[in-house]
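Undergrad:
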Amino acid sequence: MKYSLSLSLLFLFAFAGFSNERPAKPNVILILTDDLGWQDVKCYDIDEPSPMETPNIDSLAKQGVKFWQAYAPAPTCAPSRCAIMSGNHPARAQKTHVVGGAPPTPNHKYGWTMMAPWYSGRMPENETTLARVLQSNGYVTGHSGKWHMAIDHKAFPQPEDQGFDWTRSSRGARSGMPNRVSGFATIQKEDPFRLDENGYPYHQTSEDALTFLRENHQKPFFLYYATWLVHTPIHTRSEQLLEKYCKKLGVKRPESQEGWTMKGQTNPFYCAMVEELDYYMGKVFDYLNGTEDPRWPGHKLIENTYIIFTSDNGGMEGHPGEVITDNYPLDKGKISAMEGGTRVPLIITGPGIPKGVESDVMVNGLDFYPTLLTLTGTKRPKDKGLDGCDLSDLLLKNPTNSSLVKNKDGKPRDTMVWHFPHSVALESTIRMGGYKLVRNYNHRFDERITELELYQLYKTDNGKQVRVDIEEANNLASQHPQLSKELNERLSSILNEMDASYPYYNPQARRVGEEKNLIPKVISHEIHNETVTFSVREQGAKIVRADLIYTNNGGKKYEEWYRIKGKEKTKGTISFNLPEGSTHYYLNLIDENNFLVSYPETPDYSKLGKTKEKFAKFAIARK
Numbered sequence: 004m005k006y007s008l009s010l011s012l013l014f015l016f017a018f019a020g021f022s023n024e025r026p027a028k029p030n031v032i033l034i035l036t037d038d039l040g041w042q043d044v045k046c047y048d049i050d051e052p053s054p055m056e057t058p059n060i061d062s063l064a065k066q067g068v069k070f071w072q073a074y075a076p077a078p079t080c081a082p083s084r085c086a087i088m089s090g091n092h093p094a095r096a097q098k099t100h101v102v103g104g105a106p107p108t109p110n111h112k113y114g115w116t117m118m119a120p121w122y123s124g125r126m127p128e129n130e131t132t133l134a135r136v137l138q139s140n141g142y143v144t145g146h147s148g149k150w151h152m153a154i155d156h157k158a159f160p161q162p163e164d165q166g167f168d169w170t171r172s173s174r175g176a177r178s179g180m181p182n183r184v185s186g187f188a189t190i191q192k193e194d195p196f197r198l199d200e201n202g203y204p205y206h207q208t209s210e211d212a213l214t215f216l217r218e219n220h221q222k223p224f225f226l227y228y229a230t231w232l233v234h235t236p237i238h239t240r241s242e243q244l245l246e247k248y249c250k251k252l253g254v255k256r257p258e259s260q261e262g263w264t265m266k267g268q269t270n271p272f273y274c275a276m277v278e279e280l281d282y283y284m285g286k287v288f289d290y291l292n293g294t295e296d297p298r299w300p301g302h303k304l305i306e307n308t309y310i311i312f313t314s315d316n317g318g319m320e321g322h323p324g325e326v327i328t329d330n331y332p333l334d335k336g337k338i339s340a341m342e343g344g345t346r347v348p349l350i351i352t353g354p355g356i357p358k359g360v361e362s363d364v365m366v367n368g369l370d371f372y373p374t375l376l377t378l379t380g381t382k383r384p385k386d387k388g389l390d391g392c393d394l395s396d397l398l399l400k401n402p403t404n405s406s407l408v409k410n411k412d413g414k415p416r417d418t419m420v421w422h423f424p425h426s427v428a429l430e431s432t433i434r435m436g437g438y439k440l441v442r443n444y445n446h447r448f449d450e451r452i453t454e455l456e457l458y459q460l461y462k463t464d465n466g467k468q469v470r471v472d473i474e475e476a477n478n479l480a481s482q483h484p485q486l487s488k489e490l491n492e493r494l495s496s497i498l499n500e501m502d503a504s505y506p507y508y509n510p511q512a513r514r515v516g517e518e519k520n521l522i523p524k525v526i527s528h529e530i531h532n533e534t535v536t537f538s539v540r541e542q543g544a545k546i547v548r549a550d551l552i553y554t555n556n557g558g559k560k561y562e563e564w565y566r567i568k569g570k571e572k573t574k575g576t577i578s579f580n581l582p583e584g585s586t587h588y589y590l591n592l593i594d595e596n597n598f599l600v601s602y603p604e605t606p607d608y609s610k611l612g613k614t615k616e617k618f619a620k621f622a623i624a625r626k
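When you read off a place in the sequence shown, starting at 1, and then add 3, the result is the number in the working numbering.
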């Protein structure tokens, strides 16, 4: 009997010791909001009070570190998402904008001076994603909400193809609303968006995230909660919330579906959407706070869970016919590499992270991958390159000490780069210390645009960063030509190391000069033993690059195009080995004046989109 009692006591002591020790593998929740602006969250208020109410997100900020100088990897969603999940800079991955995977072509052949380069349509199928590497460490991996890492929301590859054990992609309450001024949710059981006891619409995406947590919290888990909120369409299914913000803003309730035109943060639909986002976040936080951790008896899940809350890009200030929000004091918004398009809210909480800290350290979504490897004790794959920095020392030791964020060479990071050769922006930017340089590509034929802009965002005073011009209102490039030159050279060095692609001049545009008359010409082409050879003639401007743009699924629903460099076979000829499985192809020539010549000529994208025709129709078909 004494023997049995001793064994029992030993067992109890051992169990007690085990139960009081935090599990070595913490849980991780990465919450990526969609188009949420830096000034849309209440706790980020500066200058002008935000009307949006975000008590749950504000409370989260008090539980960890709130970063004032956090950035998305890109000013649009798809490249940011791919960068966060892969750990690779958009410029290196050739994934610099939404969709992609098409031949370079002008949006409006005679109106657009420049055209964007080819860029990838998706994250590579075999990418060692954050989900894959955590999965290899015994984590169960889940995804809820938006994916958008391919040329279409439903195109290959999907989450289950890139390391996720569990995935659901419902848009929930963000599904299209037939009429945003009358089609509100009700309390009726048959209503798919029925209001809950607090008057908020049912949101399937939120429920999916909670379902994953309920089903998998017995194991170490990684949840990628990519909510569709607060992306367009701008509407709320809660009539109560719409009326609340109309009253709070002092505006008349909208009676038609016409776009909101008042400036500032005055759109009651959008304000309601932000509050909805906060509410659904609160449900996740409540679950973590209220649920016992089965791997750590006597403790709640929240005690061993790292939470990262951020946005995929800066706030969408507006689109044709609608003012959505205002990123003031930051300049511009989504689809711009200016501060308003890249600076985002970022809150990180979890075991060992001090509470209620506000940090001015410059961080980026690219940092999540290496940071989570360290925090979860996950080995970095030997062949995996990462462009971000490990923030674990910063988070666990001193979140205000920027010297704890180190580059690969061990030196403190003081530089970040964004590359967005697209749309109306056509720009790259570099942030070094308190200064930021903007390089505008479309300056040669537009006197309104200067090539370089230089801004001093912050200065250092007694070891602290002091705000100077985060509005990017005072261009100092002419006052500091040497600094502008040095930053521009540094920007080129970084982008060239990543083999970044740059925008090209459109020889059909009305604005361009006489240089368009010097562009090279393609004379003919022929195929022999799976090698295609093009005969070309220079007409005054030297050819500096030749690309074969090809597809292996020409004419199909998700037609996707790829790029390979060619080589000069003899003087006046350029040859390519046709990739296995390719069905159609184009030749692209870039001359020394940065004009792009396509053979056959690619169609005007605006016209192609209207007809829904595929690029393969105008390309060379492989026989």
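Yeah, the Cβ is synthetic: ideal placement off N, Cα and C, and Gly gets one too.
By the 10 Å Cβ neighbour count, where 16 or more other Cβ atoms means buried, how is H322 classified, buried or exposed?
TA: Working through the sequence shown from its first residue, we reach residue 322 at position 319. Burial call: exposed.
Undergrad: Which two residues bound the contiguous alpha helix (DSSP H) that contains M419?
TA: Residue numbering aside, residue 419 sits at position 416 when the sequence shown is read from its first letter. Looking at the DSSP string, M419 is not in any alpha helix (DSSP H); the run it does join, the beta strand (DSSP E), is 418-423.
Undergrad: So, for G437: in the same chain, excluding its five sequence neighbours on each side, which residues have a beta-carbon less than 8 Å away from its beta-carbon?
TA: Position 434 of the sequence shown, counted from the first residue, corresponds to residue 437. Answer for G437: Q459, L460, Y461, K462, T463, Q468, V471, listed in chain order.
Undergrad: Between P107 and R298, is the Cβ-Cβ spacing less than 7 Å?
TA: Sequence index remark: in the sequence shown, residue 107 carries index 104 (1-based). Sequence index remark: in the sequence shown, residue 298 carries index 295 (1-based). No.
Undergrad: Quick one: using the 10 Å Cβ neighbour count with 16 as the cut-off for buried, is M152 buried or exposed?
TA: Here residue 152 corresponds to residue number 149 of the sequence shown, with the count starting at 1. Label assigned to M152: buried.
Undergrad: Check whether the segment 264-276 touches the segment 225-245, taking contact to mean three or more Cβ pairs, one atom from each stretch, closer than 8 Å.
TA: yes
Undergrad: Rounded to a whole number of angstroms, what is the C-alpha to C-alpha distance between I327 and N270?
TA: Start at 1 with the first residue of the sequence shown, and residue 327 comes out as number 324. Start at 1 with the first residue of the sequence shown, and residue 270 comes out as number 267. The alpha-carbon of I327 is positioned some 6 Å away from that of N270.
Undergrad: Buried or exposed: where does S259 fall if 16 or more other Cβ atoms within 10 Å of its Cβ makes it buried?
TA: Position 256 of the sequence shown, counted from the start, is the residue given in the question as residue 259. Classification for S259: exposed.
Undergrad: Measuring straight from C-alpha to C-alpha, what distance separates F14 and K382?
TA: By one-based count along the sequence shown, residue 14 stands at place 11. By one-based count along the sequence shown, residue 382 stands at place 379. Any reading at F14 must be qualified, since the residue scores a pLDDT of 41, below 50, and its modelled position is unreliable; the value itself is stated next. Their Cα atoms are separated by approximately 33 Å.
Undergrad: Between K400 and L407, how many whole angstroms is the CB-CB distance? I'm expecting something under 8 Å.
TA: Against the sequence shown, residue 400 aligns to sequence position 397. Against the sequence shown, residue 407 aligns to sequence position 404. Their Cβ separation, rounded to whole angstroms, is 6 Å, which keeps K400 and L407 in contact under 8 Å.
Undergrad: With DSSP as the reference, identify every bridge partner of N30, one or two as the case may be.
TA: If you number the sequence shown from 1, residue 30 lands on position 27. According to DSSP, which records beta bridges pairwise, N30 is partnered with T308.
Undergrad: Looking at the structure shown, is I49 part of a helix, part of a strand, or coil, going by DSSP?
TA: To locate residue 49, count along the sequence shown from 1; it is residue 46. Three-state DSSP puts I49 in coil, outside helix and strand.
Undergrad: Just how far apart, CA to CA, sit V525 and K545?
TA: Along the sequence shown, one-based indexing puts residue 525 at 522. Along the sequence shown, one-based indexing puts residue 545 at 542. Computed Cα separation, rounded: 13 Å.
Undergrad: Is DSSP giving D464 helix, strand or coil here?
TA: Start at 1 with the first residue of the sequence shown, and residue 464 comes out as number 461. Three-state result, D464: strand.
Undergrad: From the beta carbon of P332, is the nearest beta carbon of chain D less than 7 Å away?
TA: Note that chain D does not occur in the displayed structure, where there is just one protein chain.
Undergrad: When the Cα atoms are used, what is the spatial distance from L611 to G114?
TA: Start at 1 with the first residue of the sequence shown, and residue 611 comes out as number 608. Start at 1 with the first residue of the sequence shown, and residue 114 comes out as number 111. So the two alpha carbons sit approximately 16 Å from each other.
Undergrad: Since L455 and R442 are thought to touch, with beta carbons under 8 Å apart, how far apart are those beta carbons, to the nearest angstrom?
TA: Here the question's residue 455 lines up with position 452 in the sequence shown. Here the question's residue 442 lines up with position 439 in the sequence shown. At roughly 6 Å, the Cβ-Cβ gap stays under 8 Å, so L455 and R442 are in contact.
Undergrad: Taking C-alpha atoms, which residue in T403, G388, I433, Y561 lies nearest to F70?
TA: Here the question's residue 70 lines up with position 67 in the sequence shown. Of the candidates T403, G388, I433, Y561, the one whose C-alpha sits nearest the C-alpha of F70 is T403.
Undergrad: What are the start and end residues of each continuous alpha helix (DSSP H) run of 4 or more residues lying completely inside the segment 371-425, in chain order?
TA: Secondary structure within the segment 371-425: the alpha helix (DSSP H) runs of 4 or more consecutive residues, fully enclosed, are 371-378, 395-399 (chain order).
Undergrad: Following the continuous beta strand (DSSP E) through R566, name the residue where it begins and the one where it ends.
TA: Taking the sequence shown and counting its residues from 1, the one referred to as residue 566 is at position 563. 564-568 is the span of the beta strand (DSSP E), which, as asked, contains R566.
Undergrad: Going by alpha carbons, who is nearest to N532 out of R513, K626, Y565?
TA: Numbered from 1 along the sequence shown, position 529 holds the residue referred to as residue 532. Measuring from the Cα of N532, the nearest candidate turns out to be K626.
Undergrad: Exposed or buried, which one is I351 when buried takes at least 16 other CB atoms within 10 Å?
TA: On the sequence shown, position 348 is the one that residue 351 refers to. When all chains shown are included, I351 counts as buried.
Undergrad: Okay, do the segment 601-616 and the segment 576-586 touch, 3+ Cβ pairs below 8 Å being the bar?
TA: no
Undergrad: Just how far apart, CA to CA, sit M88 and N110?
TA: Residue mapping note: residue 88 aligns to position 85 of the sequence shown, counting from 1. Residue mapping note: residue 110 aligns to position 107 of the sequence shown, counting from 1. Each residue's Cα considered, the two are about 30 Å apart.
Undergrad: Which value, in whole angstroms, describes the spacing of the CA atoms of A504 and Q97?
TA: Sequence index remark: in the sequence shown, residue 504 carries index 501 (1-based). Sequence index remark: in the sequence shown, residue 97 carries index 94 (1-based). Per the sequence shown, residue 504 should be read as Ser rather than Ala. Near 7 Å, if we compare the C-alpha coordinates of Q97 and S504.
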